[in-house]
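Residue 1 is where the sequence shown starts when you use the UniProt record's numbering, and the numbers rise one by one after that. Cβ atoms here follow ideal geometry from the backbone N, Cα and C, with glycine treated the same way. These notes are about the structure you will find just below.
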Amino acid sequence: MSNQLRLCEVAGVKDGEPVAAFAEGMPALAVYNVDGEIFVTDNLCTHGNAMLTDGYQDGDIIECPFHGGSFDIKTGAAKAFPCQVAIASYPVEIEDGWVCITKPEGAV
1 MSNQLRLCEV AGVKDGEPVA AFAEGMPALA VYNVDGEIFV TDNLCTHGNA
51 MLTDGYQDGD IIECPFHGGS FDIKTGAAKA FPCQVAIASY PVEIEDGWVC
101 ITKPEGAV
């Protein structure tokens, strides 16, 4: 059984337009294109019950649509109040034109 999870096609992820992705046993994920580089984080804001892909991407920062808090797309670090807890970020591999991540230990 492979631990690689295919999330979406690279071509479908435009710079500045995050894409929601779903994989079995994982929380909702967000896929970002930042100047041609692909990143994946959890999609749910750690402050409010909001999907970050509904927010605004400004370079390597994603702003939550609910309260204006933000996160660093590359590291998951909380960057603006009221967000204080980081979102998970995942190492990305591109395989055959697909954005893939390795299923974390303990994921169902």
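According to the DSSP assignment, residue 79 belongs to the beta strand (DSSP E) that extends over 78-80.
Your pair residue 18 and residue 52 checks out as a contact, with CB atoms roughly 7 Å apart and the cut at 8 Å. Membership of residue 49 in any beta strand (DSSP E) is not indicated, and neither H nor E is assigned to it by DSSP. Judged by their CB atoms, residue 32 and residue 39 are nearer to each other than the 7 Å cut-off. Residue environment: residue 42 is assigned as buried (16 or more neighbouring CB atoms within 10 Å of its CB, all protein chains considered). Exposed is the label assigned to residue 85, since fewer than 16 other Cβ atoms lie within 10 Å of its Cβ. A residue is called buried when at least 16 other Cβ atoms come within 10 angstroms of its Cβ; residue 63 meets this threshold and is buried.
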